[in-house]
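All remarks here apply to the structure that follows.
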Amino acid sequence: MSHRISHLFSAALLLPAVASHAASDDSTQMLEPVVVTASRTAQPLKAVIGDVTVIGRKALERFSGESVLSALQGQSGVQVATNGGAGKTSAVFLRGANSSHTLVLIDGVRYGSATGGAAALEHIPADQIERIEILRGAAASLYGSDAIGGVIHIFTRQGKNAPQASLQLGYGTQDTRQASLNVSGQQGSTYASLTVAHAQTDSVSAISNRKNSNYFADTDGYENSSISAKLTHELAGGHQVGGSVLWSDNQGQYDASTYDFATNTSGAQHYNYRNDSENGAAQLWAQLQLSEQLQTRVQAGYSTDDGKSYSPTSATNLADQLSLFRTVQEQYVWQNELSLPNGKTTWGAEYLEQRIQSTEHFPTRDRDIKSLLAGYMVKLNTTDVQANIRHDDNSQYGSEATYSLAISQPIGQGWSTGVAHGTGFRAPSFNELYYPFYGVATLKPEKSRNDEVFLRYQGEQFRSRLTVFRNEVKNLIQYDASIFAPNNIGEAQLQGVSLSLDGSLSPVHVGGNYDYLDATDQSGLATDGRKLARRAKHSGMVYFGVTQGTVQARAELQAVGSRYDNAANTVQLAKYTLVNLSGSVKLSPELSLGLRINNLFDENYETIKNYGTVGLNGLVTLTYSPKL
595 MSHRISHLFS AALLLPAVAS HAASDDSTQM LEPVVVTASR TAQPLKAVIG DVTVIGRKAL
655 ERFSGESVLS ALQGQSGVQV ATNGGAGKTS AVFLRGANSS HTLVLIDGVR YGSATGGAAA
715 LEHIPADQIE RIEILRGAAA SLYGSDAIGG VIHIFTRQGK NAPQASLQLG YGTQDTRQAS
775 LNVSGQQGST YASLTVAHAQ TDSVSAISNR KNSNYFADTD GYENSSISAK LTHELAGGHQ
835 VGGSVLWSDN QGQYDASTYD FATNTSGAQH YNYRNDSENG AAQLWAQLQL SEQLQTRVQA
895 GYSTDDGKSY SPTSATNLAD QLSLFRTVQE QYVWQNELSL PNGKTTWGAE YLEQRIQSTE
955 HFPTRDRDIK SLLAGYMVKL NTTDVQANIR HDDNSQYGSE ATYSLAISQP IGQGWSTGVA
1015 HGTGFRAPSF NELYYPFYGV ATLKPEKSRN DEVFLRYQGE QFRSRLTVFR NEVKNLIQYD
1075 ASIFAPNNIG EAQLQGVSLS LDGSLSPVHV GGNYDYLDAT DQSGLATDGR KLARRAKHSG
1135 MVYFGVTQGT VQARAELQAV GSRYDNAANT VQLAKYTLVN LSGSVKLSPE LSLGLRINNL
1195 FDENYETIKN YGTVGLNGLV TLTYSPKL
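Note that the sequence shown covers residues 595 to 1222 in the working numbering.
Right, dumping it as structure tokens:
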């Protein structure tokens, strides 16, 4: 075993614990969290019909210095592909849907790129997050465009506790350094939280294949500085006002080359190819309790995805050449909730404006979407029913109506079964519509039809869910070689089975998940019948944890099956298995020591062909949390 492994095992002996890189909350996860994403209203998790996972603050603490991508990996129905190490462009496939088919929200505000079409989750630090809600299945009837595969809703840290501060410092392999400071608490009817964090790492070479023309023998580091703040104030009469902000500033390096037309070769691999970006979201809101049964909420939100890339002017001229792609989204929401004797109804309106700025010439640089929405949740004897409908009017391509219907029926003590049906759509991105010499302005929105049945058990010590789903995506936008541009030539069928289990038998916590996914191209073209790229048919994880006094311990095994790297299914990515350990011990009431070890057996694997992944790595943290 290498000298590096020996050092990590020595560090592990400092903690009488082992823990996982999984994102479940151990014993605290058995407490009943409140979920809002599944219906746009607050409801206990046990009352939710949809397929929802909650990643709480306790679980997120294990990912200090990392992005929310680390917490998402290993979750049921989630597969991730990354163009290199930390901070590199990544894709999240939720139930096999494209990365652009998953809507990402930060405190209810849309977050993502209107040019690329997906959200840069690699730049959102776990240190800034209170919880993450993952809603699987078509959710356009709740949130509009992009929610074909589901929704990832990120909530910033809150201060509903006694005033306290927390300072954490960490150091690990690849010269990884991490620091975060949080001050939060309640003063009278005001709740507040402020977090600042910084993380940086040398990481690994973005390109791992030495034969690749873009390969350069260096490490492509990443640095992330972030801040978040949240404030809530309760007024007389049950009224509330508040706001939040999450911002990150990021710098990362990558491997590339520039074509030299004089020699017909690729050159300038040694140039410092790099990305600088700013990402985040902010919102202000007010909630008025108009009567005991009726409340209304207004929200104004803002988000940005501001990316700058630097490359050489030519293979022989290494002067910086800037490429800029900036997205700004402004969102205004008005939503009402009326409690009824046997249920609740919601209705409201949204206005979204998307603007872009780029060094490329786009004939159209903005669009707006006006939306109306309504929902109804009702209990009919013992049967729970949820229905939603939404109408979106997009200034670029016209209007789209979506709907969903879900039914749940108890069948025994703690057991229930149900069915759900929903439609979804995705508006083409600005790149697909207008990118110079590539975009096609006549593209139609992608549309989906999702059906699922489930069997669920919810007890005091165990939770389990078995879901069988089928999602048909039509008008799929794919590259059309006949016109050298994107076109509505595709159709995909996403079907599978998801099984999850979480249990707590104090002091032991056990669980895991397994996913079978059949993601198939149904375009009728040359790739018809082929599997969609980078989606494994089999994936899953199991974890085992212990909480004993001041010690917490977890261990996780995550497995991903083989999959293809390209649409033609000619390049295969090998299956891989990762073992991750972590744990913490309280040295005093205010001081704790933590350790995380990822990829314990130094597995050499790829999520995208030729791109590097981090081998054995670890981080030691020291946290000081005094009461204020």
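Glycine is no exception: its CB is placed at the ideal position from the N, C-alpha and C atoms.
Computed from a predicted structure; not experimentally measured.
A straight-line Cα-Cα distance of about 47 angstroms links S989 and I1005. Here A1168 is exposed. Its C-beta has fewer than 16 other C-beta atoms within 10 Å. Under the Cβ criterion (8 angstroms, minimum of three pairs), the stretch 663 to 673 does not count as touching the stretch 1034 to 1042.
Linking S1182 to A720 through their CA atoms gives a straight-line distance of about 25 angstroms. DSSP places V662 in the helix class (H, G or I) of the three-state scheme.
Closest in alpha carbon position to S1186, among V1062, T1144 and R961, is T1144. Here DSSP, grouped into helix, strand and coil, assigns G831 to helix. Taking a C-beta distance under 8 angstroms as the contact criterion, F687 and R1129 qualify as a contact pair. Look at the stretch 1121 to 1163 and you find these whole runs of beta strand (DSSP E), each 3 residues long or longer: 1132 to 1142 and 1145 to 1154. Using a Cβ distance threshold of 8 angstroms, Q845 and E817 count as a contacting pair. With 16 or more other Cβ atoms inside 10 Å of its own Cβ, A632 counts as buried. When DSSP states are grouped into helix, strand and coil, E716 belongs to the helix group. Checking the DSSP bridge columns, you'll see T1217 partnered with Q762 and S1186.
DSSP places D849 in the coil class of the three-state scheme, outside both helix and strand. DSSP places Y705 in the coil class of the three-state scheme, outside both helix and strand. Excluding residues up to 5 positions away in sequence, A759 and L788 lie with their Cβ nearer than 7 angstroms to the Cβ of V777 in the same chain. A Cβ-Cβ contact shorter than 8 angstroms links N1211 with T767.
Each residue's CA atom was taken as its position, placing G1118 and G1084 some 8 angstroms apart. Excluding its 5 nearest sequence neighbours in each direction, Y896 has C-beta neighbours in its own chain below 6 angstroms: A876 and E924, listed in chain order. A straight-line Cα-Cα distance of about 37 angstroms links D1115 and F1056. Annotation: the continuous alpha helix (DSSP H) that includes R651 extends over R651 to L654. Collapsing the DSSP output to three states places H864 in coil.
For the options G1155, E944 and L1194, the alpha carbon positioned closest to that of Y926 is the one of E944.
Y1199 and Y1170 do touch by the CB rule: their CB atoms are close to 4 angstroms apart, below 8 angstroms.
Taken through DSSP and simplified to helix, strand or coil, Q780 comes out as strand.
In chain order, Y1051, Q1052 and G1053 place their CB closer than 7 angstroms to the CB of G1008, counting only its own chain and leaving out the 5 sequence neighbours on each side. Distance from S842 to I718 at the Cβ level is roughly 7 angstroms; contact confirmed, criterion being Cβ atoms closer than 8 angstroms.
Contact check for G659 against Q780 fails: the beta carbons are separated by 8 angstroms or more. When only Cα atoms are considered, D899 and Y1218 end up about 33 angstroms apart. Secondary-structure assignment with DSSP links V979 through a beta bridge to V972 and I1001. For the stretch 902 to 951, the full-length beta strand (DSSP E) segments reaching 3 residues or more read 914 to 934 along the chain. Taken through DSSP and simplified to helix, strand or coil, A995 comes out as strand.
Residue state for N1025 is assigned as helix, using DSSP reduced to three classes.
G1188 and L663 have their C-alpha atoms roughly 20 angstroms apart. Put simply, the backbone Cα of P1220 is about 29 angstroms away from that of I700. Shortest Cα-Cα distance from H827 to any of N808, A880 and T976 involves A880.
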